[in-house]
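K.L.:
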Amino acid sequence: MVAVLHDLNHASRYADNIVAMKDGRVVAEGAPADVITEELVEEVFGLPCRVIEDPVSLTPLVIPLGRPAHAEMAR
257 MVAVLHDLNH ASRYADNIVA MKDGRVVAEG APADVITEEL VEEVFGLPCR VIEDPVSLTP
317 LVIPLGRPAH AEMAR
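Just so we're aligned, residue 257 is where the sequence shown starts under the numbering used here, counting upward by one.
1. In terms of residue numbering, what span does the alpha helix (DSSP H) encompassing Pro-288 cover?
2. For Ile-274 versus Val-297, is the C-beta distance shorter than 7 Å?
3. For Tyr-270, tell me which candidate among Arg-323, Leu-317, Pro-324 and Thr-293 has the shortest Cα-Cα distance.
4. Short check: CB of Val-307 to CB of Lys-278, under 7 Å?
5. Spatial neighbours of Glu-285 within its chain, please: CB distance less than 6 Å, with the 5 preceding and 5 following residues excluded, ordered by chain position.
Here you go:
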């Protein structure tokens, strides 16, 4: 099954494999713990964040530290 999600926490919790894309190109692929990193989230979404282990699911949990860079430029 293939699902397209923009909610990284849902993708991390339910997917066995994640393909992260930016501008139509694959930038990372693999298990959620290997793909969902602070560096990748900032690179792909322009979102500063912290990634911790979800205490319930033991999967990566993205905690935003602000607004995405593109949201600030739109103001």
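Ideal placement from N, C-alpha and C gives every residue a C-beta, glycine not left out.
P.N.:
With the structure as the only source:
1. Note, Pro-288: alpha helix (DSSP H), 288-291.
2. No. Outside cutoff.
3. Comparing alpha carbon positions, the residue from Arg-323, Leu-317, Pro-324 and Thr-293 closest to Tyr-270 is Leu-317.
4. No, the Cβ-Cβ distance between Val-307 and Lys-278 is not below 7 Å.
5. These residues qualify, in order along the chain: Val-275.
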